[in-house]
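Down below is the structure, laid out as structure tokens.
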Amino acid sequence: MQRGPEIEGRRGRERLSKLYRINSDESLRKGLAEAVKIISDGGIVAFPTESFYGLGVDATNPHAIKRLFEAKKRDHDLPILILISSIRELPQYVAYIPSRAKRLGKKFWPGGLTMVFRSSPILPTVLTAGQEKVGIRISSHPLANALSRALNVPITATSANISGMPPCLRADQVVEWFDNGVDLILDGGITEGKHPSTIFDVTSDPPKILRAGIVKAEEIIKSGIYNEVINSV
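Pasting the structure below:
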């Protein structure tokens, strides 16, 4: 494990975000322990996913979510998706689980498919932007998945970037974008970076693809779970 030293920043010498390089079982254990503490205390942790680096906060903590919006300079009318560690957690965070959506989750999770459900009242309005819907997935990236499993709350997984700018593929890019705007960066190496997760709204009939990504519409139809999919991208 290596903890990032003080780094020369754009505003002069100052303590920037902690950086843990995950390159062994021991560094993983210590990095996760630090990340859990920070997220539990309302902080922001950057971590790699199957697409890009993401920013994680406790998705049930409205103050942490507001800080996340500020760090990204993100409009508050844009909802933020979350990660869970198991499909068994779904009933805690969604109001209703369509049977076909559950089957789809069993097929494509962990993986790059974010499904949009009616949200449970347990999730803050600031997370859902008042839309009463929430995007959820289980990440297939080992580090993101380990972080989800280490916590007893869902975490956000919005891309690590200033809103409207390209997402980060590497930990050093997160440092460049955010200086001391995040509390910890888990450096898990370079991410795949080709496509974001697919956002698939299962609250409509037929369901809609809201964002094209890793999982293609053809794959969903080929699964035989849904016969029709609207591509609204």
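Each residue of the sequence shown is one higher than the one before, starting from 1 at the first, in the working numbering. Note that beta-carbon positions come from the ideal geometry of N, C-alpha and C, so glycine has one too.
CB of residue i within 8 angstroms of CB of residue j, strictly
i           : j           : result
residue 51  : residue 158 : no
residue 123 : residue 134 : yes
residue 17  : residue 180 : yes
residue 209 : residue 233 : yes
Same chain, Cβ closer than 7 angstroms to residue i, neighbours up to 5 away in sequence not counted
i           : result
residue 149 : 85
residue 162 : 72, 73 and 177
residue 110 : 138, 139, 140 and 145
residue 105 : 87 and 115
residue 39  : 45, 56, 57, 58, 151 and 155
residue 131 : 79
residue 170 : 190
Chain-order list of residues whose beta-carbon lies under 8 angstroms from that of residue i (same chain, five-residue window excluded)
i           : result
residue 167 : 51, 52, 53, 159, 160, 161, 193 and 196
Run of the alpha helix (DSSP H) containing residue i, from where it starts to where it stops
i           : result
residue 142 : 142–150
residue 29  : 25–40
residue 220 : 217–222
residue 172 : 171–178
residue 91  : 90–93
residue 67  : 62–72
residue 234 : Nothing about residue 234 can be reported from this structure: the residues present for the chain run from 1 to 233 only.
residue 104 : 99–108
Alpha-carbon spacing of residue i relative to residue j, whole angstroms
i           : j           : result
residue 119 : residue 79  : 11 angstroms
residue 24  : residue 185 : 16 angstroms
residue 62  : residue 56  : 13 angstroms
residue 220 : residue 172 : 35 angstroms
residue 65  : residue 127 : 7 angstroms
residue 34  : residue 67  : 19 angstroms
residue 121 : residue 30  : 33 angstroms
residue 60  : residue 231 : 31 angstroms
residue 69  : residue 182 : 12 angstroms
residue 93  : residue 153 : 10 angstroms
residue 224 : residue 37  : 42 angstroms
DSSP-derived helix/strand/coil call for residue i
i           : result
residue 203 : coil
residue 87  : helix
residue 190 : coil
Opening and closing residue of the beta strand (DSSP E) in which residue i lies
i           : result
residue 55  : 53–56
residue 157 : Element bounds for residue 157: n/a, residue is neither H nor E.
residue 46  : 45–48
residue 135 : 133–137
residue 184 : 184–187
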